[in-house]
Amino acid sequence: MTEPLQQTEEGTISGKLPTRRRIDALIQGKTVLAVGPGISRHQDTAKLVRSLMSKCGIPMVLDADGLNAFEGHAAELNGKGRSLVITPHPGEMARLVGSTVAAVQRDRLNAARIFASEHGVIVV
């Protein structure tokens, strides 16, 4: 399901209160929330994604820019007693852990295991 939302001047999803309220209404009664592809790395949008992560009690799937919203904020990315699936490619994982793509590539499985264990998430 897609839904139009308030946007920033750059055309990305706004993090302003009307958008947050609309998203809160949209997720009522839903069983999972997927966030990521195409939402952009705009600062307001990233803040909105992090806010959703902290307030949303249903299982989530984060991919692409949904993950990039946590660059420099990986401590905020945790399962908090609910299912959270993340699907990082090596570049996204490197941004999450503050490393390089080369370092992640050297041991992708271990990078995924460590991140999953430390953050209580499922890494695919």
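In my numbering, the protein residues as written are 25 to 148.
Where is the CB? At the ideal position from N, CA and C, for every residue including glycine.
May I ask you to report which of helix, strand or coil DSSP gives residue i?
i: glutamine 67; result: helix
i: isoleucine 138; result: helix
i: valine 121; result: helix
i: valine 147; result: strand
i: glutamine 129; result: helix
i: glycine 115; result: helix
i: methionine 25; result: coil
i: alanine 98; result: helix
i: glycine 90; result: helix
If you count every other CB in all the chains shown that lies within 10 Å of the CB of residue i, and 16 or more means buried, which is it?
i: asparagine 134; result: exposed
i: alanine 126; result: exposed
i: alanine 116; result: The residue asked about is misnamed: residue 116 is glutamate in this sequence, not alanine. So glutamate 116 counts as buried.
i: aspartate 89; result: buried
i: alanine 70; result: buried
i: glycine 53; result: exposed
i: leucine 108; result: buried
i: isoleucine 138; result: exposed
i: glycine 62; result: exposed
Name the one or two DSSP bridge partners that residue i has.
i: methionine 84; result: Leu57 and Leu108
i: isoleucine 37; result: Gln31
Measuring only the C-alpha atoms, how far is residue i from residue j?
i: leucine 86; j: valine 147; result: 10 Å
i: leucine 120; j: alanine 98; result: 6 Å
i: lysine 79; j: arginine 106; result: 12 Å
i: glycine 81; j: leucine 101; result: 13 Å
i: glycine 35; j: aspartate 68; result: 11 Å
i: proline 112; j: valine 56; result: 18 Å
i: glutamate 95; j: glycine 122; result: 8 Å
i: threonine 26; j: isoleucine 110; result: 20 Å
i: leucine 76; j: proline 28; result: 17 Å
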